[in-house]
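Since the structure comes first, as structure tokens, the remarks are kept for the end.
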Amino acid sequence: MLSADLDLPLDALGASLFDASEDCISVVGIDGTVLAMNVNGVRQKEIDDFAALRGGPWTALWPERHHQTIEDAIELATRVGSARFVADRPTPSGVVKTWDVVLFPMFETPGAPTRLVAVTRDITDRLLIESEKALLAQELAHRIRNMFAVVNGVISLSARSADPAVLPFADALRARLTGLWRAISYVSPPELAEHGFGGEHTVIGLLHVLLAPYGDLAGPDRRVTINGPDTPIGRSATTSLALIANELATNALKYGSLGQPEGHVTVETRLEGEHLVLIWTEMAPTPDQSAASPSGDGFGSVLLEKAVRQLGGELTRAWLPAGLAIHIRLAVERIGR
């Protein structure tokens with residue numbers, strides 16, 4: 006069909022592949038006229054008589070609202086070498102389908118292109134599946150949010166009727182749960198994130214999310230500074246890093262620099278071969294060296310050490326004249342999981 010209609014130097018194999026393609030393949034003139042279409046394209050678009058359309062504008066096959074997009078794509082493919090757009094189109098039977106269209110030029114001789122090839126793929130079913138997955142993801146987010154709310158509520162109610170000595174433990178537990186929820190929101194798809202978290206998941210991005218509640222991160226009076234090279238973080242590693250950051254921030258708020266008006270925390274990252282070094286530095290006028298000692302065996306210390314080990318790392322502390330420096334060395338391979 007193609008070689009006969011357009012007199013192109015196409016052998017029998019090429020012509021058979023043209024008609025055998027599951028996608029709709031059209032040949033479009035530089036002037037925007039439709040010159041040929043393969044058998045499956047005619048069938049998919051439910052065209053009864055392609056001969057009546059041959060030589061007419063390609064835009065006539067599409068709704069008017071897409072005409073400018075199509076004309077721009079033709080111009081771009083002719084000038085640059087390729088173009089792509091997505092457009093919906095109702096078939097004659099009334100079924101609306103969405104198409105992903107890629108245009109690229111054809112050259113019979115070196116020089117300017119003489120025609121364009123449009124490969125049009127029906128993505129209607131794929132978009133429907135993605136829409137259903139998004140709906141399920143939203144439902145999952147709702148259930149997870151409710152689960153965290155219920156657990157926090159149970160903790161609060163239990164603490165009220167218990168010995169006052171357990172109140173600090175209840176507060177710490179709620180803080181850890183809140184940190185985990187922020188981490189889950191960050192690594193979830195955009196439709197799951199209530200606060201706009203999402204996109205590329207990195208260590209620096211997660212630290213910004215986790216530490217934002219503890220002080221201004223960007224203003225002139227910021228309490229927390231985060232800098233250094235970044236690296237991607239996987240979903241599995243997110244929980245461990247969230248626990249690490251939450252424990253360090255909680256200790257800084259209760260005993261360290263964040264608990265003092267002039268206190269400050271600097272979080273610096275360094276990439277050293279196959280490891281990421283996280284340096285947590287607290288600076289305060291009157292540091293409390295009795296808290297978070299290197300030999301601390303409290304639940305928070307145990308949790309912190311375990312989270313570090315889960316990421317293939319090690320932790321060291323060093324007291325400074327005006328604060329505390331904690332070096333955490335983590336395996337990049339574990340972080341990416």
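So the sequence shown is residues 6 to 342, counted in this note's numbering. Glycine included, C-beta positions come from ideal geometry on N, C-alpha and C.
Rounded to whole angstroms, the Cβ separation of serine 306 and methionine 288 is 22 Å, and the two are not in contact under 8 Å.
In the three-state reduction of the DSSP assignment, lysine 50 falls in the coil class, being assigned neither a helical nor a strand state. A distance below 7 Å between beta-carbons, with the five flanking residues on each side excluded, links glutamate 27 to the following residues of its chain, in chain order: Asn45. For histidine 269, there is no enclosing alpha helix (DSSP H); the residue is part of the beta strand (DSSP E) that begins and ends at 269–277. Between glutamate 279 and valine 208, the C-beta gap is not smaller than 8 Å, which leaves the two residues out of contact. Remark: C-beta atoms of leucine 108 and alanine 88 approach each other more closely than 8 Å.
Asparagine 43 sits in coil when the DSSP states are folded into three classes, being neither helix nor strand. Segment contact: the region 89–104 against the region 32–41, fewer than three CB-CB distances shorter than 8 Å; contact not assigned. Nearest neighbour of proline 237 by Cα position, chosen from Thr274, Trp324, Arg84, turns out to be Thr274. Counting along the chain, the unbroken alpha helix (DSSP H) around isoleucine 209 starts and ends at 208–216. Cα atoms of glutamine 315 and arginine 48: separation of roughly 56 Å, rounded to the nearest angstrom.
For valine 337, the uninterrupted alpha helix (DSSP H) segment begins and ends at 337–340.
A check of alpha carbon separations from serine 98 across Asp130, Ala242, Leu320, Lys50 identifies Lys50 as the nearest. DSSP, read as helix, strand or coil, puts leucine 246 in helix. For threonine 74, the enclosing alpha helix (DSSP H) begins and ends at 72–84. Residue environment analysis places glycine 328 among the buried positions, since at least 16 neighbouring C-beta atoms fall within 10 angstroms of its C-beta. The straight-line gap separating the alpha-carbon atoms of histidine 206 and glycine 239 is approximately 7 Å.
Contact check for serine 241 against arginine 342 passes: the beta carbons are separated by less than 8 Å. Here the C-alpha atom of proline 115 lies approximately 52 Å from the C-alpha atom of asparagine 232. For threonine 114, there is no enclosing beta strand (DSSP E), since its DSSP letter is neither H nor E.
When beta bridges are read from the DSSP output, serine 31 appears opposite Met42, Ala123. With a cutoff of 8 Å on beta-carbon distance, arginine 120 and valine 33 are scored as near each other.
Taking a 10 Å sphere around the C-beta of threonine 243, we find 16 or more other C-beta atoms and assign the residue as buried. Taking the Cα positions, glutamine 73 is about 31 Å away from glutamate 137. Annotated three-state conformation of threonine 96 is coil, per DSSP. Aspartate 36 sits in coil when the DSSP states are folded into three classes, being neither helix nor strand. Closest by C-alpha distance to tryptophan 104, out of Leu325, Leu283, Val124, is Val124. A Cβ-Cβ separation of about 15 Å leaves leucine 182 out of contact with isoleucine 249 under the 8 Å criterion. Annotation: threonine 129 to aspartate 77 spans about 23 Å, alpha carbon to alpha carbon. Taking a 10 Å sphere around the C-beta of arginine 165, we find fewer than 16 other C-beta atoms and assign the residue as exposed. A direct Cα-to-Cα measurement between alanine 330 and lysine 259 gives close to 16 Å. Distance from the CA of arginine 228 to the CA of leucine 140, rounded to the nearest whole angstrom, comes to 39 Å. When secondary structure is reduced to three states using DSSP, leucine 58 falls in the coil class, being assigned neither helix nor strand.
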